[in-house]
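K.L.:
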Amino acid sequence: MSASEFDPEKAEHPVPNGAEPRAVADTSKTEQVQGQTLQNFDDISELKRQNPDAIIVEWEKGDPENPFNWSIMYRLYLTALVFMLNTGCTFASSLPNSLLEEISDATHVSIQVVKVAVFIYVGGFAAGPLVWAPLSELFGTRPILIASCFLATIFQMASALAPNIGGLIVFRFLAGTLSSAILAVGGGIFSNIFDKDLLAFGMAVHSLGASGGPAVGPLVGAWVHVEGASWHWGLWACCILEGCLTVLAIFTLKETNKNFTLTKKAKRLRHETGNKNYKSVNELRSFKANEFFDKWLLVPFKMILFEPMVLSTSVYFGFLYSTLYLFFVAFPIVFGELHGLNPVQFTMIFLSYFAGELVVAVFIVLVENRRYMKKRAASPTGKLPPEERLRCSLVGSPLMVMSLFWFAWTCYPSISIWSPIMAIAAYGAAFYCVKKPNR
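Numbered per our numbering, the sequence shown spans residues 1 to 439.
1) Taking one C-beta from the segment 190–198 and one from the segment 269–286 each time, how about it: are there three or more such pairs within less than 8 Å?
2) Count the other C-beta atoms from every protein chain shown that fall within 10 angstroms of the C-beta of H225, then say buried if there are 16 or more, exposed otherwise.
3) Does the Cβ-Cβ distance between G140 and N257 come in under 7 Å?
4) Can you give me the C-alpha to C-alpha distance between P143 and Y77, rounded to a whole angstrom?
5) Quick check for students: name the residue ranges of the alpha helix (DSSP H) that lie wholly in the segment 350–408, counting only runs of 4 or more.
6) Taking the alpha carbon of N66 as the reference point, which residue from L262, I421, I349 has its own alpha carbon closest?
7) What would DSSP say about Y74, mapped onto helix, strand or coil?
8) Find the nearest neighbour of L399 within the set V185, I55, A423, judged by alpha-carbon distance.
9) For a quick check, are the C-beta atoms of A162 and F173 less than 7 Å apart?
10) Grouping DSSP H, G and I as helix and E and B as strand, with all else coil, what is Y412?
11) Assuming contact is defined by CB atoms lying nearer than 7 Å, are T177 and T246 in contact in what I supplied?
12) Under 7 Å, do S180 and G124 count as touching if we go by C-beta distance?
13) Is G274 buried or exposed, if buried means 16 or more other CB atoms sit within 10 Å of its CB?
14) Can you give me the C-alpha to C-alpha distance between L338 and M373, rounded to a whole angstrom?
15) Taking the beta carbon of I165 as the centre, do at least 16 other beta carbons fall within 10 Å, making it buried, or is it exposed?
16) Based on the DSSP output, what are the partners of I56 in its beta bridges?
17) What would DSSP say about L130, mapped onto helix, strand or coil?
18) Could you check whether V220 and A237 sit closer than 7 Å to each other, using their CB atoms as the reference points?
19) Assuming S104 and G213 are in contact, meaning their beta carbons sit under 8 Å apart, how far apart are those beta carbons, in whole angstroms?
20) Run through DSSP, which three-state label would L341 get?
21) Excluding sequence positions up to five away, which residues of its chain have a Cβ less than 8 Å from the Cβ of A117?
22) Exposed or buried, N342, counting other C-beta atoms within 10 Å across all chains shown (16 or more means buried)?
23) Within the segment 185–245, note down every full alpha helix (DSSP H) run reaching 4 residues or more, in order along the chain.
24) Determine the burial state of Y497: buried for a count of at least 16 other Cβ atoms within 10 Å of its Cβ, exposed for fewer.
25) Which word fits I189, buried or exposed, when buried means at least 16 other C-beta atoms lie within 10 angstroms of its C-beta?
26) Is G356 closer than 7 Å to A429 when the C-beta atoms are compared?
27) For T27 and E242, what's the separation of their Cα atoms in angstroms?
28) What residue range does the alpha helix (DSSP H) around N259 cover?
29) Could you give the distance in angstroms between the alpha-carbon of F405 and the alpha-carbon of S419?
30) Can you name the start and end residues of the alpha helix (DSSP H) that S180 belongs to?
31) Who are the Cβ neighbours of L151 in its own chain at under 7 Å, not counting the five residues just before and after it?
32) Out of curiosity, what's the CA-to-CA distance linking S230 and L248?
33) Would you mind sorting Q34 into buried or exposed? The rule is 16 or more other CB atoms within 10 Å of its CB.
34) State the start and end residues of the unbroken alpha helix (DSSP H) segment that holds R142.
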């Protein structure tokens with residue numbers, strides 16, 4: 001059977017009432033079914049030959065344990081939870097930006113050194129996903145997310161208690177590395193609970209969550225500054241938010257990775273029937289130490305080093321995010337020193353960036369995604385090249401440059417303050433146009 005002849009109904013292996021789940025015996029290759037890739041049937045057949053007595057458990061049609069069949073309310077809740085985890089992760093990246101002078105005075109170092117301590121947190125975003133993504137495939141999404149969030153809370157606490165600038169730099173980097181797990185696995189959660197038509201909605205929320213934190217963080221930091229509280233309280237706010245989200249994840253987050261949800265189903269069937277032959281594919285596979293490093297941990301590094309497209313995209317986005325945070329540093333100068341706004345007032349302008357992203361996110365979900373689905377439905381193969389998703393980037397990329405020039409040329413006190421504010425919103429819209437399709 002060719003890939004084009006693949007029948008999703010057969011791939012789900014529906015089981016008549018009262019019958020036992022069947023072992024997978026097909027030897028065809030796989031296609032995307034309900035948004036996730038089924039196990040390679042050749043691989044399963046090999047496992048079956050190696051374990052002739054095993055009854056390999058797969059999803060049945062309408063199986064309530066399949067994440068795609070969970071209630072829409074719970075899946076929407078998971079969407080909100082991922083959004084909050086994203087926001088909590090990135091919230092700490094920008095909050096101390098409003099407390100630079102306080103930290104400088106308390107630690108007796110220059111503002112430039114304090115900026116290193118503040119923005120080293122983002123450096124953890126580069127290191128963390130290279131580890132968290134493969135580990136989530138090996139151990140599951142839920143344990144990795146909960147463990148990383150718990151440890152991130154510990155290091156957020158350590159940052160708040162740091163006795164000197166050296167400790168603050170180290171603890172901030174570790175907190176950023178640990179909290180970045182949601183950036184690596186959030187998209188995978190959505191691909192496990194939404195079909196390909198709703199996946200655009202999930203990814204839009206995922207991207208917005210990563211932008212909401214940097215927009216709200218400086219506002220909270222400014223409030224700490226105006227209230228005259230110690231800069232430690234700003235970092236305590238990061239710790240408290242991360243801790244609350246960790247508790248929420250512990251009690252409400254279910255595993256969504258197919259390998260591990262099927263393992264749970266196999267264990268339940270063994271317990272209910274007493275038949276020890278029910279096995280998931282994941283249980284039949286054996287992992288060796290060298291395979292763990294070669295197939296899991298080293299793969300992201302190999303892709304970055306040897307895949308030109310991955311390397312160029314990574315470098316491009318590294319440049320974009322560095323530009324974004326440098327852009328944020330200009331806000332206190334432009335709106336505080338030049339336009340005379342107080343810290344709370346000028347940090348509220350960060351929300352204009354988020355507003356720009358929000359407008360484009362709604363447009364992409366309601367307009368651009370519908371255009372894409374119609375064009376895909378009209379295609380003879382039912383597929384479109386991946387580049388079709390990049391149409392928004394063609395608009396966003398030049399608009400980013402234009403909005404930066406717009407901001408720079410109109411930030412003077414002699415020009416209305418609304419002009420640079422609109423430039424910030426345009427930059428947010430442009431940034432989202434580039435970021436979302438590439439996710």
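C-beta: ideal position from N, C-alpha, C; glycine also. Note that the structure is predicted; figures quoted are calculated from it, not measured.
P.N.:
Quick answer:
1) Touching, no, given that fewer than three Cβ pairs across the two stretches are closer than 8 Å.
2) Sequence index remark: in the sequence shown, residue 225 carries index 225 (1-based). Taking a 10 Å sphere around the C-beta of H225, we find 16 or more other C-beta atoms and assign the residue as buried.
3) Here residue 140 corresponds to residue number 140 of the sequence shown, with the count starting at 1. Here residue 257 corresponds to residue number 257 of the sequence shown, with the count starting at 1. Inclusion of G140 and N257 in the CB contact set at 7 Å is warranted, their separation being smaller than that value.
4) Position 143 of the sequence shown holds residue 143. Position 77 of the sequence shown holds residue 77. Those two C-alpha atoms are separated by around 19 Å.
5) Correct list: 350–363, 369–378.
6) Within the sequence shown, residue 66 is the residue found at index 66, counting from 1. Residue L262 is the option with its Cα nearest to N66.
7) As a first step, residue 74 must be located in the sequence shown, where it is residue number 74. Reduced to three states, the DSSP call for Y74 is helix.
8) On the sequence shown, residue 399 is found 399 positions in, with the first residue counted as 1. For the residues V185, I55, A423, the minimum Cα distance to L399 belongs to A423.
9) Taking the sequence shown and counting its residues from 1, one reaches residue 162 at position 162. Taking the sequence shown and counting its residues from 1, one reaches residue 173 at position 173. The answer is no: Cβ separation not under 7 Å.
10) In the sequence shown, the residue the question calls residue 412 occupies position 412. Three-state result, Y412: coil.
11) As a position in the sequence shown, residue 177 is number 177, starting the count at 1. As a position in the sequence shown, residue 246 is number 246, starting the count at 1. No, Cβ-Cβ distance for T177 and T246 is not below 7 Å.
12) Taking the first residue of the sequence shown as 1, we reach residue 180 at position 180. Taking the first residue of the sequence shown as 1, we reach residue 124 at position 124. Contact: yes.
13) Position 274 of the sequence shown, counting from 1, holds the residue named residue 274. The C-beta of G274 has fewer than 16 other C-beta atoms within 10 Å across all chains shown, which makes the residue exposed.
14) Taking the sequence shown and counting its residues from 1, one reaches residue 338 at position 338. Taking the sequence shown and counting its residues from 1, one reaches residue 373 at position 373. Rounded to the nearest angstrom, the gap between the Cα atoms of L338 and M373 is 48 Å.
15) Within the sequence shown, numbered from 1, the residue matching residue 165 stands at position 165. Residue burial annotation: I165 is buried, with at least 16 other C-beta atoms found within 10 angstroms of its C-beta.
16) The count along the sequence shown starts at 1 and reaches residue 56 at position 56. In the DSSP assignment, the residues bridged to I56 are K279.
17) What you label residue 130 is simply residue 130 of the sequence shown in a count that begins at 1. Helix.
18) Here residue 237 refers to the residue found at position 237 when the sequence shown is read from its first residue. Here residue 220 refers to the residue found at position 220 when the sequence shown is read from its first residue. In contact: A237 and V220 (Cβ atoms closer than 7 Å).
19) Reading the sequence shown from its first residue, position 104 is the one you call residue 104. Reading the sequence shown from its first residue, position 213 is the one you call residue 213. In fact, because the Cβ distance is near 23 Å, the residues do not count as touching under 8 Å.
20) Counted from its first residue, the sequence shown places residue 341 at position 341. DSSP places L341 in coil when its eight states are reduced to three.
21) In the sequence shown, counting from the first residue as 1, residue 117 sits at position 117. Closer than 8 Å at the Cβ level, and outside the excluded window around A117, lie P96, I103, I165, L168, I169, R172.
22) In the sequence shown, the residue the question calls residue 342 occupies position 342. Within 10 angstroms of the beta-carbon of N342 lie fewer than 16 other beta-carbons, which makes it exposed.
23) If we require 4 residues or more, the alpha helix (DSSP H) runs fully inside the segment 185–245 come out as 199–226.
24) Residue 497 lies beyond the stretch modelled for the chain, which goes from 1 to 439, so this question has no answer here.
25) As a first step, residue 189 is located in the sequence shown; it is residue number 189 there, counting from the start. Here I189 is buried: its Cβ has 16 or more other Cβ atoms, across all protein chains shown, within 10 Å.
26) Translated into the one-based positions of the sequence shown, residue 429 becomes position 429. Translated into the one-based positions of the sequence shown, residue 356 becomes position 356. A429 places its beta carbon less than 7 Å from that of G356.
27) If you number the sequence shown from 1, residue 27 lands on position 27. If you number the sequence shown from 1, residue 242 lands on position 242. Any reading at T27 must be qualified, since the residue scores a pLDDT of 33, below 50, and its modelled position is unreliable; no value is offered.
28) Within the sequence shown, numbered from 1, the residue matching residue 259 stands at position 259. Counting along the chain, the alpha helix (DSSP H) containing N259 begins and ends at 258–273.
29) In the sequence shown, residue 405 corresponds to position 405, counting from 1. In the sequence shown, residue 419 corresponds to position 419, counting from 1. The alpha-carbon atoms of F405 and S419 are separated by roughly 12 Å.
30) Position 180 of the sequence shown, counted from the start, is the residue given in the question as residue 180. From DSSP, S180 is part of no alpha helix (DSSP H); its letter is neither H nor E.
31) Here residue 151 refers to the residue found at position 151 of the sequence shown. Counting only Cβ-Cβ distances below 7 Å, and skipping sequence neighbours, we find L178.
32) Here residue 230 corresponds to residue number 230 of the sequence shown, with the count starting at 1. Here residue 248 corresponds to residue number 248 of the sequence shown, with the count starting at 1. Taking the straight line from one Cα to the other gives about 28 Å.
33) Position 34 of the sequence shown holds residue 34. In this predicted model, Q34 has a pLDDT of only 39, less than 50, meaning its place in the structure is not dependable; the value taken from the coordinates is given anyway. The residue in question, Q34, is buried, as its Cβ has 16 or more Cβ neighbours within 10 Å.
34) Position 142 of the sequence shown holds residue 142. First-last of the alpha helix (DSSP H) with R142: 141–160.
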